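Here is the structure we will look at.
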Amino acid sequence: MANIAIMGYGTVGSGVVDVLRINQALINQRAEEEINIKYVLDLREFPGDPVEQVLIHDFEQIVNDPEVEIVVEVMGGIEPAYTFVKRCLLAGKSAVTSNKALVASHGTELLSIAKEQKVNFLFEASVGGGIPIIRNLKECLTADRIEEVTGILNGTTNYMMTKMFYDGADYEEVLKEAQDKGYAESNPEADVEGQDACRKIAILSSIITGKEVDFEEIHTEGITKITKEDMMYAKEMRMTIKLLASAKRQNDQVCAMVSPVLLGQEHPLYSVNDVFNAIFVRGNVLGDAMFYGSGAGKLPTASAVMVDVIEAVKHKSENIMAVWTEEQAQLIPRSDTTKRYFVRIKGKQEELQERLIREFGKITFVTVQSLTEECGFITEELSEIMFERKATKFPEIIHMIRVEG
Ligand code: HSE
369 MANIAIMGYG
379 TVGSGVVDVL
389 RINQALINQR
399 AEEEINIKYV
409 LDLREFPGDP
419 VEQVLIHDFE
429 QIVNDPEVEI
439 VVEVMGGIEP
449 AYTFVKRCLL
459 AGKSAVTSNK
469 ALVASHGTEL
479 LSIAKEQKVN
489 FLFEASVGGG
499 IPIIRNLKEC
509 LTADRIEEVT
519 GILNGTTNYM
529 MTKMFYDGAD
539 YEEVLKEAQD
549 KGYAESNPEA
559 DVEGQDACRK
569 IAILSSIITG
579 KEVDFEEIHT
589 EGITKITKED
599 MMYAKEMRMT
609 IKLLASAKRQ
619 NDQVCAMVSP
629 VLLGQEHPLY
639 SVNDVFNAIF
649 VRGNVLGDAM
659 FYGSGAGKLP
669 TASAVMVDVI
679 EAVKHKSENI
689 MAVWTEEQAQ
699 LIPRSDTTKR
709 YFVRIKGKQE
719 ELQERLIREF
729 GKITFVTVQS
739 LTEECGFITE
749 ELSEIMFERK
759 ATKFPEIIHM
769 IRVEG
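Quick note, the sequence shown lines up with residues 369 to 773 if you use my numbering.
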């Protein structure tokens, strides 16, 4: 029998208990051992809940119990998750987590401790919810040099962008809906400001480079400035707006960024809607591949957690997760990267076009009939620094959205 302890009985923690209850027989069969929840750790009480029998409030009980071989950390946040996971690894227990903040901040150290201790630190659920992207990058696409990973990695914001695009819905209203459905982080800023997607792309970038990518170096913009009016322009251009997280390799460097992006209908991520996530991967010999599925929510995330638990049970005393080293990956500064830009600007096209063309060269104007006090335009490809230099000459600019493709 393999005894596990679940640390945190929130959305994902209770999902793990449910997944084990629903699929206990086949999970045991695949793990080739019976998996038993020995403890559930949470500060709260859950009267009447089946986990009441195994509910504890003191972490020391878990770390000091030699019968517990695997801990599942689903508390979220950095502390006490980091201390608990580190102590469990040092005590020779494998750890499974869905916590991207923990993996992005301390993954390098925790992977190294796991290796020394001949146990495993596994985090499939930390990126893409139920989509098996980490295992695919690490174990399946190993014949390729991965040139690009671009994804919709945050379910909450994708849900919001979808509702705003198709229903013309209001930002606050759709955020509330996403929170009610249990997709959002406890602090929704992590979703809407792009921090959640930033940590996820840092993890994927570290996997594809084999080096540590510091999430704090990734330029990150969220969706808080995206409005109904932006969606009107997007529709006019037969495009949509998505929060994309991307990592593109250029020689030995990586260009990583999180920002809202205008996508055309031919882009593979255009039709990824609602809470779904998708990750587009380009390998140097594979070509293009897409991974699509439920990116957030209780059971999809818990399903990915349980896959790691099964893996940990099957590989006791054998470290299988040599993912990245302590060497730091080199990130290309955002200012040097090139793109096309969609710009909304106050004023009428006839009055602005001469100045705009003089500064930006060839541009394509876009107008929305009901927005009479402004217009929009798309530039040719420019570096970010060049764009900013030119844009500062136009105080009338409302804002800019990058254009993919
Ligand atoms: N808040 C996250 C999301 C949860 O919306 O994608 C899954 O990581």
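Cβ coordinates follow ideal geometry from the N, Cα and C atoms, glycine included. Here the structure is a predicted model, which means the values were calculated and not measured.
Quiz prompt | Spatially closest choice to Ile-591 from Arg-513, Arg-412, His-767, by CA coordinates | solution = Ranking Arg-513, Arg-412, His-767 by CA distance to the CA of Ile-591 puts His-767 first.
- Assigned exposure category for Asn-526 - 16 Cβ within 10 Å defines buried: Asn-526 should be labelled buried.
If distances are taken between C-alpha atoms only, which option among Ser-685, Asp-433, Gly-460, Asn-467 comes closest to Val-673?
It is Asn-467 whose Cα lies nearest to the Cα of Val-673.
Beta-carbon separation of Thr-577 and Arg-617 under 9 Å? With respect to Arg-617, Thr-577 sits close: the two C-beta atoms are nearer than 9 Å.
**Q.** Endpoints, alpha helix (DSSP H) assigned at Ala-680
**A.** Residue range 666–682 is occupied by the alpha helix (DSSP H) that includes Ala-680.
| message | In this structure, how does DSSP classify Ser-466 when only helix, strand and coil are distinguished? | response | Judged by DSSP in its simplified three-state form, Ser-466 adopts coil rather than helix or strand.
Less than 9 Å between the C-beta atoms of Gly-663 and Gly-496, yes or no? Yes.
### Cβ-Cβ distance between Val-517 and Ile-647 below 9 Å
For Val-517 and Ile-647, yes; Cβs fall inside 9 Å.
Spell out a yes or no on whether the segment 501–508 and the segment 622–639 are touching, meaning 3 or more CB-CB pairs, one atom from each, closer than 8 Å.
-> Output reads no: the segment 622–639 does not touch the segment 501–508.
Problem - Enclosing beta strand (DSSP E) for Tyr-660 [first to last residue] - result: Element bounds for Tyr-660: 655–662.
Any C-beta of chain D under 9 Å from that of Glu-749: In the structure shown, chain D does not exist; there is a single protein chain.
Helix, strand or coil, according to DSSP, for Arg-503 in the structure here? Helix, per DSSP.
Reference Val-380, options Ala-463, Glu-553, Ala-670, Leu-478, closest by Cα:
Of Ala-463, Glu-553, Ala-670, Leu-478, the smallest CA-CA separation from Val-380 is found for Ala-670.
**OP:** May I ask you to check if the CB of Thr-530 is nearer than 8 Å to at least one heavy atom of the ligand HSE?
**Re:** Every heavy atom of the ligand HSE is 8 Å or more from the Cβ of Thr-530, so no.
Expected contact under 8 Å - CB spacing of Val-675 and Ile-438 to nearest Å = With a contact defined as Cβ atoms closer than 8 Å, Val-675 and Ile-438 miss out at about 13 Å.
Could you give the first and the last residue of the continuous alpha helix (DSSP H) run that contains Ala-396?
First, the amino acid is wrong: residue 396 is Asn here, not Ala. Per DSSP, the unbroken alpha helix (DSSP H) holding Asn-396 starts and ends at 379–399.
Val-622 to Gly-416, Cα distance in whole Å? Approximately 51 Å, taken between the alpha carbons.
**Prompt:** The alpha helix (DSSP H) with Ala-778 in it runs from where to where?
**Reply:** For the chain, the structure presents residues 369 to 773; residue 778 sits outside this window and is missing.
Review point. Would you say Ile-746 and Val-771 are within 9 Å of each other, going by their C-beta atoms?
Key: Yes; because the gap between Cβ atoms is below 9 Å, this pair is in contact.
Please work out which residues of its chain come closer than 7 Å, Cβ to Cβ, to Pro-636, disregarding the five sequence neighbours upstream and downstream, and give them in chain order.
-> The answer, listed in chain order, is Phe-648, Met-658.
### Three-state secondary structure (DSSP) of Phe-733
DSSP places Phe-733 in strand when its eight states are reduced to three.
For Phe-774, three-class secondary structure by DSSP: Residue 774 cannot be examined here, being either before or after the span of the chain that is shown, 369 to 773.
Taking DSSP's pairing of strands, which residues face Leu-630 in a bridge?
Bridge partners of Leu-630: Ile-609, Val-771.
Beta carbon shell of the ligand HSE at less than 6 Å from a heavy atom: Counting only beta-carbon distances shorter than 6 Å to the non-hydrogen atoms of the ligand HSE, the qualifying residues in chain order are Gly-497, Asn-522, Gly-523, Thr-524, Tyr-551, Ala-552, Glu-553, Asp-559, Asp-564, Gly-663, Ala-664.
Have a look at Arg-726 and Pro-763 and give me their C-alpha separation to the nearest angstrom.
-> When rounded, the distance between both Cα atoms is 16 Å.
Report task. Have a look at Ile-374 and Glu-741 and give me their C-alpha separation to the nearest angstrom. Result -> In a straight line, the C-alpha of Ile-374 is about 56 Å away from that of Glu-741.
Where Phe-644 and Gly-661 are concerned, what is the direct C-alpha to C-alpha distance, given to the nearest angstrom? Approximately 6 Å, taken between the alpha carbons.
Beta-carbon proximity of Thr-524 to Ala-552, cut-off 9 Å:
Yes, they are a contact pair.
**Request:** Check the C-beta distance from Leu-409 over to Ile-390 and give it rounded, since I have them as a contact under 8 Å.
**Result:** With 8 Å as the limit, Leu-409 and Ile-390 do not qualify as a contact, their Cβ atoms being about 22 Å apart.
Item to check | contact_flag[the segment 677–686, the segment 543–559] where n(CB pairs < 8 Å) is 3 or more | outcome: With a cut-off of 8 Å, the segment 543–559 and the segment 677–686 do not count as touching, because too few Cβ pairs lie within range.
Exercise. What's the C-alpha gap between Ala-624 and Ser-614?
Worked result: Rounded to whole angstroms, Ala-624 to Ser-614 spans 5 Å at the Cα level.
With a threshold of 6 Å on Cβ separation, who are the neighbours of Ala-493 within its own chain once the five nearest residues in sequence on each side are excluded?
The answer, listed in chain order, is Ser-466, Thr-669, Ala-672, Val-673.
Suppose contacts are defined by Cβ-Cβ distances below 9 Å. Is Val-436 in contact with Lys-406 by that definition? For Val-436 and Lys-406, yes; Cβs fall inside 9 Å.
*Taking the CB atoms as reference points, tell me whether Leu-490 and Ser-462 lie closer together than 9 Å.*
For the pair Leu-490 and Ser-462, the CB atoms are nearer than the 9 Å cut-off.
Quiz prompt | Beta-bridge partners of Ser-751, as assigned by DSSP | solution = Under DSSP, Ser-751 forms a beta bridge with Thr-706.
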